[in-house]
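Numbering-wise (my numbering), the sequence shown opens with residue 127 and increments by one.
All C-beta atoms in this analysis are idealised placements derived from N, C-alpha and C, irrespective of residue type, glycine included.
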Amino acid sequence: LVADGAVEAVAAELERPHEVRGIAARRGAGLVVEALPGMAVPPPGVYAGLVGRDALEAVPAAIRIDGGVGVRVLDADPGFDGSPLRVRFVARMGDEATESAIRLALARQGS
Numbered sequence: 127l128v129a130d131g132a133v134e135a136v137a138a139e140l141e142r143p144h145e146v147r148g149i150a151a152r153r154g155a156g157l158v159v160e161a162l163p164g165m166a167v168p169p170p171g172v173y174a175g176l177v178g179r180d181a182l183e184a185v186p187a188a189i190r191i192d193g194g195v196g197v198r199v200l201d202a203d204p205g206f207d208g209s210p211l212r213v214r215f216v217a218r219m220g221d222e223a224t225e226s227a228i229r230l231a232l233a234r235q236g237s
C-alpha cells in the first residue's frame, strides 16, 4: 500500500498514519528530510501530513516526494533544521494541491 501511495489505507491498517523518520535540513523556504535507511517512502507526489520531533508533536505540513522528502510546514517555523524528524503521511493530494486543500484533508482525518 505504501508503494502505491495509498497512505489513507495504510493508516486504516496501522490505526495511525504511516511515518518515516530522518534528519531535517533547511532547503530554501522548506525542509528536506533524509529518510533513515530501510524506511518505506511513498512514491512521488504531494501529501498532506504532520511532522514533529517526537510522537506527540504534530505540525501540519505539505510533503512533496520527488527523489527526496520535502516538507513545507504550514504554520510558524518550529525550528526543525538539524532535528530528528517524524514525517507522518495523512492523505495523498494532487500535485497542485493548495495549502487550504491540505488543511482540509488534515481536518477530515481528525489530525
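*Which whole-angstrom value describes the C-beta separation of Val133 and Gly148, a residue pair presumed to lie in contact below a C-beta threshold of 8 Å?*
At roughly 17 Å, the Cβ-Cβ gap does not stay under 8 Å, so Val133 and Gly148 are not in contact.
*Could you spell out where the alpha helix (DSSP H) holding Arg179 opens and where it closes?*
Looking at the DSSP string, Arg179 is not in any alpha helix (DSSP H), and its letter there is neither H nor E.
_Rounded separation between Gly196 and Leu157 - CA only_ = 6 Å
*Leaving out five residues on either side along the sequence, give the residues of the same chain with a beta carbon under 6 Å from the beta carbon of Val172.*
Arg190, Met219, Asp221, Ala223
_Collapsed DSSP secondary structure at Ala137 in the structure displayed_ = Looking at Ala137 - three-state DSSP - the assignment turns out to be helix.
_If the criterion is Cβ atoms closer than 8 Å, does the pair Ala184 and Val199 meet it?_
In this structure, Val199 does not lie closer than 8 Å to Ala184 by Cβ.
_Within 8 Å, strictly: CB atoms of Asp192 and Pro163_ = no
*Taking buried to mean at least 16 other C-beta atoms within 10 Å of its own C-beta, is Glu145 buried or exposed?*
buried
*Report the three-state DSSP secondary structure of Leu98 (helix, strand or coil).*
The question about residue 98 has no answer here: the residues shown for the chain are numbered 127 through 237.
*DSSP state of Arg234, grouped into three classes?*
helix
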